[in-house]
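Residue numbers (the numbering used here): 200 to 660. Here's the structure we're looking at; comments come further down.
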Amino acid sequence: MKSLTRFTGRVVALGGVFATAIPAVARAAEDAPPSLEDLQSLVPGLQVTLDNVFILVATALVIFMHAGFVLVEAGLTRAKNAGNIVMKNFVNVAIGIVAFYLVGYAIAFGGVFDGLGAYIGGGGWLIGDGAFAYGNLTPFTFFIFQAAFAATAATIVSGAMAERTKFIGYVTYAVVMTAVIYPIVVRWQWGGGWLYQLSTPFHDFAGSTIVHMTGGVAAFAAARALGPRIGRYGADGKPRAIPGHSIPFAIIGCLILFVGWFGFNGGSWLGADPIVGRIATTTMIAAGAGAVVAALLTKLQSGKTDVAMTGNGLLAGLVGITAGCFAVTTVGSLIIGAVSGVLVVYAVAFFDKIKVDDPVGAISVHGVCGVFGTIAVGLFSNEEVEGVVAKGLFYGGGTDQLVSQIIGVVAVAAFVLVASVILFAVIKATVGLRVSEQEEREGLDVHEHGSPGYGSDRALA
């Protein structure tokens, strides 16, 4: 009896399913298939969604780059300062986002373009009325991508200030950099300002100058204001090595930065487009060339392959290609990356010689190679897009683009250097910039944050 009841129930249930499904199937059969015009009408909406999702993913990669910066800086410095380095880089992200939201975004991308607006922006405060949006991107999607870039520009300076900087002094710098200095530089080109308005616009696709050279020049000003670490130079003035506590950390950090750079450069197209594949290819080739050349050069110089310098060679190639990754050929990217690999090796030695103590090589990687990569656009550009970029000197384009590139580099470097020198002088005179000798010798982890970065520093310091 139970079996019969169960069977009857199943039959009734199946009948209900068919009773519901048959009319739906019948209606579907009666409906005409969508026309080509109907399908085409869906494409713009899909492209808008795809572009915004693409930039969200690119933003995540750019933010993840900060993990790479942490590992590079921590690995190339001593264990007694590891926690301080983590905190500085973490604060860059948090403070950078807030400061850029409250002040920097309106300066960089506000809707005022005439007169003073070509230099310091205005409008669009708090992503409100007048906030800039590019192409299919919403103002919010565009903002988060740009905020991630702002935090990156600030982080570059951290390495040059490592092991001797007061935390409050560093925080003060990070606020001003992300709220004022970096946004003004952005305004001049990406925000439609005076460099963009040149007869042949200054071209910096993803930030060799706007992000990296800005950070590199500020890093130089910071290192000069701080002075070298205790023991970095002997009584005879010759540099003494202060080995970092973890080369593996540093190289893992370089690889994380390499991965993040695909979001950094690829995302700068500001949309999902097949051309991103070309941008990623030039980026990858330049990175590899920079690493190979730096490794070979250190082998020729000392008979040993310098691991840390090879990592910096990879980063140098990435910085060098960032301005022109859209505009140059793959051969051009190979040359740019290789030259960047040479420059970083000699630049590190040069700054050591003039007693500018830069524990991670930030000035050389980001400053020197940022300058070269930007100028290289005027030589190697193979693209001619009206209002964006002209062909370079080596491709029959004359000197117009090269002159614009030099103007942009000189103007940005001069502004950032003057602003940074003033900023660090004010910080030194107010909240203080450098820790005491005792604090520096014992480590910033304990004195600035109350606990060591590791359970015990004795075996690692």
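Quick reminder that beta carbons are idealized off the backbone N, C-alpha and C, glycines included.
The stretch 468-529 is shown to contain whole alpha helix (DSSP H) runs of 4 or more residues at 474-501 and 506-521, in chain order. Rounded to whole angstroms, Tyr-300 and Ala-418 show a C-alpha spacing of 23 Å. Excluding the 5 residues flanking it on each side, Arg-428 has same chain C-beta neighbours closer than 8 Å at Glu-362, Arg-363, Ile-441, Asp-556, Pro-558 and Glu-639, in chain order. Counting only residues of its own chain and dropping the five nearest sequence neighbours on each side, Ala-352 has a CB closer than 7 Å to the CB of Met-376, Tyr-381, Val-410, Thr-413 and Gly-414.
Assignment of Thr-598 by DSSP, reduced to helix, strand and coil, places it in the coil class. The residue among Leu-495, Gly-462 and Leu-513 with its C-alpha nearest the C-alpha of Ala-479 is Gly-462. Taking 3 residues as the minimum length, the stretch 235-315 contains no beta strand (DSSP E) run wholly inside it.
Under the three-state reduction of DSSP, Arg-423 is assigned to helix. Cβ atoms of Asn-283 and Glu-647 come within 8 Å of each other, at about 5 Å. Note that the stretch 450-458 touches the stretch 250-265; at least 3 beta-carbon pairs, one per stretch, sit closer than 8 Å. Look at the beta carbons and you see the stretch 467-481 touching the stretch 516-532: at least three pairs across the two are nearer than 8 Å. With respect to the C-alpha of Gly-406, the residue from Cys-568, Gly-560 and Val-285 having the closest C-alpha is Cys-568.
Closest by C-alpha distance to Ala-347, out of Ser-357, Leu-425, Ala-293 and Gly-321, is Ala-293. For Phe-308, the number of other beta carbons within 10 angstroms of its own is at least 16, and it is reported as buried. Taking every protein chain shown into account, the CB of Lys-279 has 16 or more other CB atoms within 10 angstroms, so this residue is buried. Counting along the chain, Ser-398 sits inside no alpha helix (DSSP H), nor does DSSP assign it H or E at all. Each residue's CA atom was taken as its position, placing Val-608 and Gln-246 some 35 Å apart.
As DSSP reads the structure, Pro-438 sits in a beta bridge with Tyr-432.
Pairing Ser-603 with Leu-397 gives a Cβ-Cβ distance under 8 Å. Looking at the backbone, the Cα of Phe-268 and that of Gly-244 are separated by about 37 Å. Inside the stretch 549-619, DSSP marks whole alpha helix (DSSP H) runs of 4 or more residues at positions 568-579, from first to last along the chain. A distance below 8 Å between beta-carbons, with the five flanking residues on each side excluded, links Ile-326 to the following residues of its chain, in chain order: Tyr-300, Tyr-304, Pro-338, Phe-339 and Phe-342. Bridge pairing for Thr-364: Arg-633 [DSSP]. In the structure shown, Gly-323 adopts coil according to DSSP, grouped into three states.
If you check the CB distance, Phe-579 and Gly-523 come in under 8 Å.
Annotated as proximal: Thr-482 and Trp-460, with beta-carbon spacing under 8 Å.
Residue range 446-465 is occupied by the alpha helix (DSSP H) that includes Leu-454. In the structure shown, Trp-387 falls within a helical segment according to DSSP collapsed to helix, strand and coil. Three or more Cβ pairs closer than 8 Å define a contact, and the stretch 441-450 falls short of that threshold against the stretch 388-397. With contacts defined as CB atoms closer than 8 Å, Ala-486 and Leu-517 qualify as a contacting pair. Going by beta carbons, Ala-257 and Gly-489 fall outside the 8 Å limit. Of the residues Ala-589, Ala-378, Ile-626 and Thr-248, the one whose Cα lies closest to the Cα of Ala-421 is Ile-626. Our two residues, Gly-368 and Thr-598, have alpha carbons roughly 43 Å apart in a direct line. For Pro-338, the enclosing alpha helix (DSSP H) begins and ends at 338-359.
Counting along the chain, His-646 sits inside the alpha helix (DSSP H) bounded by residues 643-648. For the set Val-374, Lys-554, Ala-589 and Phe-344, the Cα lying nearest the Cα of Gly-295 is the one of Val-374.
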